[in-house]
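>
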Amino acid sequence: MRRLMEQYCVRKQLRGSNIDSVRFVFDGRRVHPDYTPLQLNLEDGDEIDAFLEQIGGFRPWWS
Numbered sequence: 001m002r003r004l005m006e007q008y009c010v011r012k013q014l015r016g017s018n019i020d021s022v023r024f025v026f027d028g029r030r031v032h033p034d035y036t037p038l039q040l041n042l043e044d045g046d047e048i049d050a051f052l053e054q055i056g057g058f059r060p061w062w063s
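Counting from 1, one number per residue, gives the positions in the sequence shown under full-length UniProt numbering.
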């Protein structure tokens, strides 16, 4: 899956094409780069969701 993830990041021009900045999810489970389609039980037509990782988001109570 690593090559697929890398190509997705390159095509979407995501943060220097770093796959660590994107969370890939299939059927509610995170997809790790070393997984194979067989390990994920992927079938033709299945879709893998991609989400940008969010860092931070803290808002102090006084602001």
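Even glycine gets a Cβ: it sits at the ideal position worked out from N, Cα and C. Owing to the predicted nature of the structure, the values given are computational and were not obtained by experimental measurement.
In terms of residues, what are the limits of the beta strand (DSSP E) holding V10?
No beta strand (DSSP E) holds V10; the alpha helix (DSSP H) holding it covers R2 to K12.
> Could you tell me whether the region 40–60 touches the region 16–28, using the rule of 3 or more Cβ pairs below 8 Å?
The region 40–60 vs the region 16–28: in contact.
> Please report the straight-line C-alpha distance between I19 and M5, rounded to a whole angstrom.
Their Cα atoms are separated by approximately 6 Å.
> Take the Cβ of V31 as the centre, count every other Cβ of all protein chains shown within 10 Å, and call the residue buried at 16 or more, exposed below.
Flag for V31 reads buried.
> Considering only the beta carbon of each residue, do residue 67 and F51 sit closer than 9 Å?
Here the chain comprises residues numbered 1 to 63, so residue 67 is not present and cannot be evaluated.
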